[in-house]
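Comments concern the structure below.
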Amino acid sequence: MNSNSQLSTVKSAQTVRGAAVRRVAAALAFGMGAAVLVSAPVHAAPIDSLVKGVKFDDDKGVAKDIANGMDPNATDDQGMPLLVLAAREKSDKVAAVLLDNPAIKINAQDKAGENALMLASLNGDVDLVKMLITKGADVNKQGWTPLHYAAANGNDDVAKLLIGYSADVNAQSPNGTTPLMMAARGDHMSTAKLLLDHGANLQAKNQIGMNALDFAKQYKAPDAIKDLSARMGQAAQ
546 MNSNSQLSTV KSAQTVRGAA VRRVAAALAF GMGAAVLVSA PVHAAPIDSL
596 VKGVKFDDDK GVAKDIANGM DPNATDDQGM PLLVLAAREK SDKVAAVLLD
646 NPAIKINAQD KAGENALMLA SLNGDVDLVK MLITKGADVN KQGWTPLHYA
696 AANGNDDVAK LLIGYSADVN AQSPNGTTPL MMAARGDHMS TAKLLLDHGA
746 NLQAKNQIGM NALDFAKQYK APDAIKDLSA RMGQAAQ
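This note's numbering puts the sequence shown at residues 546 to 782.
Here you go:
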């Protein structure tokens, strides 16, 4: 192929395939290879714009994107559903937009098995926790539960709310960890007391035989060690 034929081929690609293919066609026609592709400007994909809107709690922008056909259950490049991302970022306005969409998968999980209610509970985001529960989020998810996550950070208001919606205070994670163990681990004694007052089992053990007091000792949680030791002693009498 001579130079004129090469140029004709490139111009044809420009007309038919658009800007992205123009760069590829030019690289192939003139033997420039990857150098042209690497130096070409990168334009944000629609999903990138949507993810950014979620992170910055741009409810109007997200609502517009969804109205224009974007999937409310789309995921970011790490496989995190938009609703889970909104919960992680405390983007409550965007979460409300997503939850108003009838197609939303409210219990969708990221690759770590975390859903929106779990991350909202971890963040102590009471308003979003309420919103999610009233929209039908699963309070007693199998395995790690929202109550585990609330207890891990000592979020008493969230824990009370979850318990009020029948959260299992003795729920066991896949390795047998309970919310009380998580509260003890973080030295969150107000949370531990709340759980115990609602029937948490002080004697429960995980798969390696550790109870809540053992967690407190393992993680050097002084208040939990003192209080749980006293409770264990009373229970033994």
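Even for Gly, the Cβ is constructed at its ideal location relative to N, Cα and C.
These figures come from a predicted structure and were not determined experimentally.
Alpha-carbon spacing of Asp706 relative to Asp622, whole angstroms: Counted from its first residue, the sequence shown places residue 706 at position 161. Counted from its first residue, the sequence shown places residue 622 at position 77. Before going further, note that residue 706 is Leu rather than Asp in the sequence given. For Leu706 and Asp622, the distance between alpha carbons rounds to 33 Å.
Cutting at 8 Å between CB atoms, please list the residues of its own chain near Val587, excluding the five before and the five after it. Within the sequence shown, numbered from 1, the residue matching residue 587 stands at position 42. Low confidence applies to Val587: its pLDDT is 46, below 50, so where it sits in the model is not reliable enough to give any reading.
Run of the alpha helix (DSSP H) containing Gly598, from where it starts to where it stops: Working through the sequence shown from its first residue, we reach residue 598 at position 53. That run of the alpha helix (DSSP H) goes 591-600.
Excluding five sequence neighbours on each side, which residues of the same chain lie with their C-beta closer than 7 Å to the C-beta of Ala580? Residue mapping note: residue 580 aligns to position 35 of the sequence shown, counting from 1. Bear in mind that a pLDDT of 37 at Ala580, under 50, signals an unreliable position, so the number given afterwards is only what the model happens to contain. No residues qualify anywhere along the chain.
Please report how far the alpha carbon of Ser735 lies from the alpha carbon of Asp701, in whole angstroms. Residue 735 sits at position 190 when you count from the first residue of the sequence shown. Residue 701 sits at position 156 when you count from the first residue of the sequence shown. Taking the straight line from one Cα to the other gives about 7 Å.
Can you name, in chain order, every residue of its own chain whose Cβ lies under 8 Å from the Cβ of Leu667, other than the five neighbours on each side? The count along the sequence shown starts at 1 and reaches residue 667 at position 122. Excluding residues within five positions, the ones whose Cβ falls inside 8 Å are Tyr694, Ala695, Ala697, Asn698, Asn700.
According to DSSP, is Thr679 part of a helix, a strand, or is it coil? Residue numbering aside, residue 679 sits at position 134 when the sequence shown is read from its first letter. Of the three classes helix, strand and coil, the one that applies to Thr679 here is helix, per DSSP.
For Thr620, the residue or residues it bridges with in DSSP: As a first step, residue 620 is located in the sequence shown; it is residue number 75 there, counting from the start. Answer is Pro626, bridged to Thr620.
Using only the alpha-carbon positions, how far apart do Ile770 and Asn751 sit? The residue given as residue 770 occupies position 225 in the sequence shown. The residue given as residue 751 occupies position 206 in the sequence shown. About 18 Å.
Which of helix, strand or coil DSSP assigns to Gln752: As a first step, residue 752 is located in the sequence shown; it is residue number 207 there, counting from the start. Looking at Gln752 - three-state DSSP - the assignment turns out to be coil, as it is neither helix nor strand.
Using only CA atoms, which one of Val599, Phe601, Leu595, Gly624 lies nearest to Asp610? Looking up residue 610 in the sequence shown gives position 65. Measuring from the Cα of Asp610, the nearest candidate turns out to be Leu595.
Starting from Ile611, follow the alpha helix (DSSP H) in both directions and report where the run begins and ends. The residue labelled residue 611 in the question sits at position 66 within the sequence shown. Where Ile611 is concerned, the enclosing alpha helix (DSSP H) stretches over 604-612.
Taking the alpha-carbon positions, what's the Gly721 to Asn646 distance? Along the sequence shown, read from residue 1 onward, the residue named residue 721 stands at position 176. Along the sequence shown, read from residue 1 onward, the residue named residue 646 stands at position 101. Rounded to the nearest angstrom, the two C-alpha atoms are 36 Å apart.
What do you get for Pro617, buried or exposed, if any count of 16 or more other CB atoms within 10 angstroms of its CB means buried? For the purposes of this step, residue 617 is taken as residue 72 along the sequence shown, with counting starting at 1. That one is buried.
Can you tell me which of the three DSSP states Gln687 falls into? On the sequence shown, position 142 is the one that residue 687 refers to. The answer is coil: DSSP assigns Gln687 none of H, G, I, E or B.
Kindly indicate which residue of Asp742, Gln763, Ala749 has the alpha-carbon position closest to the one of Gly731. Locating residue 731 in the sequence shown gives position 186, counting from the first residue. The option with the nearest alpha carbon to Gly731 is Gln763.
With 16 other Cβ atoms within 10 Å as the buried cut-off, status of Ala781: On the sequence shown, position 236 is the one that residue 781 refers to. With fewer than 16 Cβ atoms within 10 Å of its Cβ, Ala781 is classed as exposed.
Give the single residue among Lys605, Leu664, Gly606, Val599 whose Cα lies nearest to the Cα of Thr811. Not covered by the structure: residue 811. The range shown for the chain is 546 to 782.
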